[in-house]
Structures are given as structure tokens and as C-alpha cells.
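If you read the sequence shown in the working numbering, its first letter stands for residue 230, the second for the next number, and so on.
Every residue, glycine too, gets a C-beta built ideally from N, C-alpha and C.
Computed from a prediction, not measured in an experiment: that's the story for all the values here.
Right, one structure below, let's go through it.
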Amino acid sequence: MLELAAQTAIERYRPMENIDKAIRIRRDIIDDNEFGRFIETAAGIIYPERPLAASDIRSLWRDYLKEKKRDDILSLYIHIPFCSSVCSFCSCYSHLGSASDIRSYAKKLVEHISRSREVFDGAVFDTLYIGGGTPSIMDDGDFNDVINTVFSNFKFSDEGQRCSEMNPLTASIQKMKMLKEHGFTRLSFGAQSFDAEVLALNGRGYQTEAMVRKAITDARTSGFKYINLDLIVGLYGDTSDKLVESFRRALSVGVQRISLYALQPLRSYLQERFHSNLGEFDRFWKGLLDGSLERISQMAKEAGFSVPDYSKWYLKMSDCASWSYQYRGVPSEEKEYIPQGPGRSVFAIGENPTSRIDGVVNYRTEIFSGDPDQCTFVGDIRNEKKEMINYLIGAFSMKSNLNLSEFKDVFKKDLLKEFDISIGRLKALNAVRINGDELVLMTEDKKERALHTLMFFDDKDIEKVIKK
Ligand code: SF4
Numbered sequence: 230m231l232e233l234a235a236q237t238a239i240e241r242y243r244p245m246e247n248i249d250k251a252i253r254i255r256r257d258i259i260d261d262n263e264f265g266r267f268i269e270t271a272a273g274i275i276y277p278e279r280p281l282a283a284s285d286i287r288s289l290w291r292d293y294l295k296e297k298k299r300d301d302i303l304s305l306y307i308h309i310p311f312c313s314s315v316c317s318f319c320s321c322y323s324h325l326g327s328a329s330d331i332r333s334y335a336k337k338l339v340e341h342i343s344r345s346r347e348v349f350d351g352a353v354f355d356t357l358y359i360g361g362g363t364p365s366i367m368d369d370g371d372f373n374d375v376i377n378t379v380f381s382n383f384k385f386s387d388e389g390q391r392c393s394e395m396n397p398l399t400a401s402i403q404k405m406k407m408l409k410e411h412g413f414t415r416l417s418f419g420a421q422s423f424d425a426e427v428l429a430l431n432g433r434g435y436q437t438e439a440m441v442r443k444a445i446t447d448a449r450t451s452g453f454k455y456i457n458l459d460l461i462v463g464l465y466g467d468t469s470d471k472l473v474e475s476f477r478r479a480l481s482v483g484v485q486r487i488s489l490y491a492l493q494p495l496r497s498y499l500q501e502r503f504h505s506n507l508g509e510f511d512r513f514w515k516g517l518l519d520g521s522l523e524r525i526s527q528m529a530k531e532a533g534f535s536v537p538d539y540s541k542w543y544l545k546m547s548d549c550a551s552w553s554y555q556y557r558g559v560p561s562e563e564k565e566y567i568p569q570g571p572g573r574s575v576f577a578i579g580e581n582p583t584s585r586i587d588g589v590v591n592y593r594t595e596i597f598s599g600d601p602d603q604c605t606f607v608g609d610i611r612n613e614k615k616e617m618i619n620y621l622i623g624a625f626s627m628k629s630n631l632n633l634s635e636f637k638d639v640f641k642k643d644l645l646k647e648f649d650i651s652i653g654r655l656k657a658l659n660a661v662r663i664n665g666d667e668l669v670l671m672t673e674d675k676k677e678r679a680l681h682t683l684m685f686f687d688d689k690d691i692e693k694v695i696k697k
């Protein structure tokens, strides 16, 4: 497409080619599956992270809470980074830990939560999410202590989602009842597959179908009406027929939502399973989906579940998080926990999770301690323009169409005016068109899409990187 573009457009492409060099990724080696990583790398260079002091973070939260708009959603996230054994495909921040490691981590959480109370005094969190790793790996007593401390130090709205992730191996009915007593509205179980061979090939051989069924039954007995179950597409050894069968069993265990996640292969996983070849993995992944999606959709419909509109998703899920199949019989009206996006801020506690203050900062806890002043943080300071660019990257990494009214609802700004220069350049390249209320990216070539998406970055930011 570049070769065919008008000379002026080529001139204007130059910064893009320079940034391409700056991050040492040539256009011809951006793998078909690398779109997300390419953009992330570029964004990381243009907006680098830097160390942030605990005192600065406290002040930023205080300022935000003073100005917080009524519609803004404030969430609390607690991260438990331990697992009983580490699945070979997993890209979450998780590791093994002894019983005493887990106990001392729970104590740190209790201390950290108590010491953070003062900053959030008077604030009301809309949603609460306990994730991992494996939250249910904590024993009943430690889990209880952490949750009690959360509720005795922070206030929560009654309308928001309160959810905890659970592993079927360590989920106990006592933990679930305790969560229910604290007003938790959802539980989310990772099953990943129901095929014993696939599970064994992926370091999850301990999980049996009976174990999953018991955990779901216990969740229902504990009073949970909304239960999610995760499956993964792309596990080594899986086949379309096995995937369909896993989905059939997931439908039969009595959950209200099934989330189908795209496996995001780690380097080590690719090396061991796919000869370090992303293209090989991508073909495998697409083959699985092509051979199963119609049957999965049909089964979901027959069981009364909603089916995602796949046509809206350009990249067929390979670079986005998940597709959800939701049981129509249990509509959920609560405010959802969504950790990113405009109007959403998250205070995250634990080893490595990312917090964000909307339009102000995104930061990660590098070293976690019970004393917030002893933690180390890195992050990048944000502004509205950067949040808009992030929104565009997020949208175009998954979809071809970006809804202009939706952008206006979120940012109260006109996308076409805010990015008039970038859109003008892209139009000159025939790379976008306006179709009614939508801005449409024309090419389906991932490499071109990556470069076109980079057009939305500010030239001055790109030049700064080039000069470094
Ligand atoms: S998939 Fe779940 S249980 Fe397996 S390592 Fe990752 S977080 Fe732990």
C-alpha cells in the first residue's frame, strides 16, 4: 500500500518508518500475530515508564478523589500471585509459593490495605475484583482475614460487581460462603479445557471434570447466581472436536457465562510447542477455531446463551481478550469490573498489578510490601490525548470499525477533529474511510494496520524517540 501512496503521503509516513527503525522492528518481520506487541512496544518507547514515589501516588489519588465525577467508576483490585502448579501456557503474573510464602503475603496484604485506608477515607469503590494467580490458594483463615480487612477499611457501592477468581482445585465451600456473606456477586472459575489429555499436556493434569463440577455445585449451594467459567483456545494438543466437547461440557455444568480466551503464547511455550514459530501457532489456532466456531455457536444458542457478533471482530480474537457467551436467563445489571478504559480508575494492591487513575497515571507495583512507603512503583503519566490514543489502539487491535458517537460519549470530543491530521494522512493513503458514524480501517493486513495505527501518535512524541 505504501508504494502506491501519493508522494505527500509518503513524506508524511517518514516518522512512522523512523519509529519503526527506532524500535528495531522492520515492517517485513512484524509477524502476523504480532500486531498487539508491536504497538505496545512503540507505545512503551513513546510513553516510557519511570519510577514513581509512594508519596506522589498518594497525592495523585487524593487529587483524583476530590475531583471524581459521579459517573467515573472506581475499582479495587487485589492480586494473589501464587498457584499450586504453574500451567505451561499461562501469561498471568503467577508463581509457585510455599504455605508460609502465601501466609506472609496475606499478612502483607492485610497491613497494606489497613495503611491505605486513610487515602480512600470517604471514597466509595464501585467494584471489587480478587484475581491472580489463584486467590483460592489462600487457606480459609487467611482468605477470611484479607476479605474482612478489605471491608473494614474500604466502602463499596451495592450496585457494583464483586468477584473472585477461583481454581477448582482449591475452591472450598467455606471460602465461597464467606465471599457470599460479604456480598460477592460473582465467582470466576478457570477450567481452560475439559479434555484430560490436553490438560496433562499443558501442566494442568491435576484437574478433573468431577472437580470442576463439584466446585460449581458448591458455588451454587453457597448462593452464587452468576458464575463464570473460562476456556482457552490454542492449547497445545487441542483439536476442534475436543474444543467443541469442552464447550459442551462447560454448558452442562450450570454456569451463567462462558468466556473463551485466546491463548497468548509465551516465548517459552512457542519454543517448546511450536518451534518458536508464531505463524505455526497462528495457523493451529485459526484451524481450531474454524473447525469449531459454528458448532460452539449453535450449542450456545440452543442452551439459551447469547453468542458474540463475530463479524465485528476484525482479528478474530487473536489479539483481544475473550469472547463471552452469556446465559440469557440471568441478566446482569450490576456495574461490571473492567480494569481499563476511560472513566475507570483502579487501585490495585499486591505484587505486580497495574493501577490507574483515569487520565492521570498508569502504574505498576514492582516491589510489594505491607508498608506502602516501602513499595516501589513504575508508571507513565497520562493525559487526555494519550488516553484517546490508547482507546484507538485498543479498538483497532480488535475491530475494523470505530464508532464515532461512542468516542464522543466517552471523551466528549469529536474524534475527527481531535485527530484531523492523522486521519487526513490515512485518507491520503486510502487507509481509512468514514462510513456513516464509523471510522473504518481498510486493510486487513496486520503489518499495515500496525503502521496505520501508529499514525495516531503525535509526531512530536515520535520525533523525541528518534532523537534519543
Ligand atoms: S492458568 Fe490459572 S492456575 Fe494456571 S498458572 Fe495461570 S493463573 Fe495459575
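Exposed or buried, what is residue i when buried is set at 16 or more other beta-carbons lying within 10 Å of its beta-carbon?
{"i": "V559", "result": "exposed"}
{"i": "A660", "result": "buried"}
{"i": "V353", "result": "exposed"}
{"i": "P280", "result": "exposed"}
{"i": "D538", "result": "exposed"}
{"i": "Q555", "result": "buried"}
{"i": "N457", "result": "buried"}
{"i": "N396", "result": "buried"}
{"i": "T363", "result": "buried"}
{"i": "E388", "result": "exposed"}
{"i": "R346", "result": "exposed"}
{"i": "T446", "result": "exposed"}
{"i": "H324", "result": "exposed"}
{"i": "L351", "result": "The sequence given here has Gly at residue 351, not Leu. Label assigned to G351: exposed."}
{"i": "Y435", "result": "exposed"}
Does at least one heavy atom of the ligand SF4 sit under 7 Å from the Cβ of residue i?
{"i": "G362", "result": "yes"}
{"i": "C312", "result": "yes"}
{"i": "S327", "result": "no"}
{"i": "N457", "result": "no"}
{"i": "G419", "result": "yes"}
{"i": "V315", "result": "yes"}
{"i": "C321", "result": "yes"}
{"i": "N581", "result": "no"}
{"i": "N659", "result": "no"}
{"i": "N396", "result": "yes"}
Relative to the alpha-carbon of residue i, which residue among the options has its alpha-carbon at the smallest distance?
{"i": "I596", "options": "F385, I578 and N612", "result": "I578"}
{"i": "S205", "options": "C312, M405 and G370", "result": "Beyond the ends of the chain as shown, which are 230 and 697, falls residue 205; an answer cannot be given."}
{"i": "W290", "options": "L631, V590, C604 and M528", "result": "V590"}
{"i": "G370", "options": "G360, L357 and S333", "result": "S333"}
{"i": "Q278", "options": "K689, I610, G466 and D368", "result": "At residue 278 the sequence reads Glu, which differs from the Gln that was named. For E278, the nearest C-alpha among the options comes from I610."}
{"i": "K642", "options": "K614, V669, L655 and I622", "result": "K614"}
{"i": "T414", "options": "G599, L357 and L489", "result": "L357"}
{"i": "F686", "options": "L670, L658, I652 and D368", "result": "I652"}
{"i": "C392", "options": "F503, K564 and S521", "result": "K564"}
{"i": "S629", "options": "S401, T672, D355 and D602", "result": "T672"}
{"i": "R433", "options": "T446, K656, R573 and I461", "result": "I461"}
{"i": "I618", "options": "S598, F640 and D600", "result": "F640"}
{"i": "E296", "options": "C321, S327 and G588", "result": "G588"}
{"i": "R502", "options": "S598, Y465 and S475", "result": "Y465"}
{"i": "Q603", "options": "K443, L430 and A283", "result": "A283"}
{"i": "S626", "options": "E647, R678 and S634", "result": "R678"}
{"i": "M528", "options": "L480, N377, G412 and I331", "result": "L480"}
{"i": "L683", "options": "S323, V536, K454 and G623", "result": "G623"}
{"i": "S317", "options": "R593, I525, S634 and Q500", "result": "Q500"}
Could you give the distance in angstroms between the alpha-carbon of residue i and the alpha-carbon of residue j?
{"i": "F606", "j": "R477", "result": "44 Å"}
{"i": "I663", "j": "F636", "result": "14 Å"}
{"i": "L492", "j": "S469", "result": "15 Å"}
{"i": "G665", "j": "L644", "result": "14 Å"}
{"i": "I359", "j": "Y306", "result": "6 Å"}
{"i": "L408", "j": "I286", "result": "30 Å"}
{"i": "L507", "j": "D649", "result": "36 Å"}
{"i": "S547", "j": "S304", "result": "Confidence at S547 is low in this model, with a pLDDT of 44, below 50, so the placement of that residue should be treated as unreliable; the coordinate-derived value is given next. C-alpha separation (whole angstroms): 27 Å."}
{"i": "A448", "j": "Q390", "result": "16 Å"}
{"i": "N632", "j": "L658", "result": "21 Å"}
{"i": "E426", "j": "A439", "result": "15 Å"}
{"i": "Y276", "j": "P571", "result": "18 Å"}
{"i": "D690", "j": "S521", "result": "44 Å"}
{"i": "V339", "j": "S365", "result": "16 Å"}
{"i": "L544", "j": "S551", "result": "For L544, the predicted structure reports a pLDDT of 48, less than 50, and the residue's modelled location is therefore unreliable. The matter cannot be settled from this model."}
{"i": "R253", "j": "A271", "result": "With a pLDDT of 47 at R253, under the threshold of 50, the modelled position of this residue cannot be trusted, and the question is left open."}
{"i": "S634", "j": "S505", "result": "42 Å"}
Counting only beta-carbon atoms, is residue i nearer than 8 Å to chain C?
{"i": "D519", "result": "No chain C appears in the structure shown, which is made up of a single protein chain."}
Exercise. Would you list, in sequence order, the uninterrupted beta strand (DSSP E) runs of no fewer than 3 residues that lie entirely inside the stretch 537 to 599?
Key: 551 to 555, 573 to 578, 583 to 586 and 590 to 596
Quiz item: Mind pulling the alpha helix (DSSP H) runs of 4 or more residues that sit fully within the stretch 419 to 493?
Solution: 425 to 430, 438 to 450 and 469 to 481
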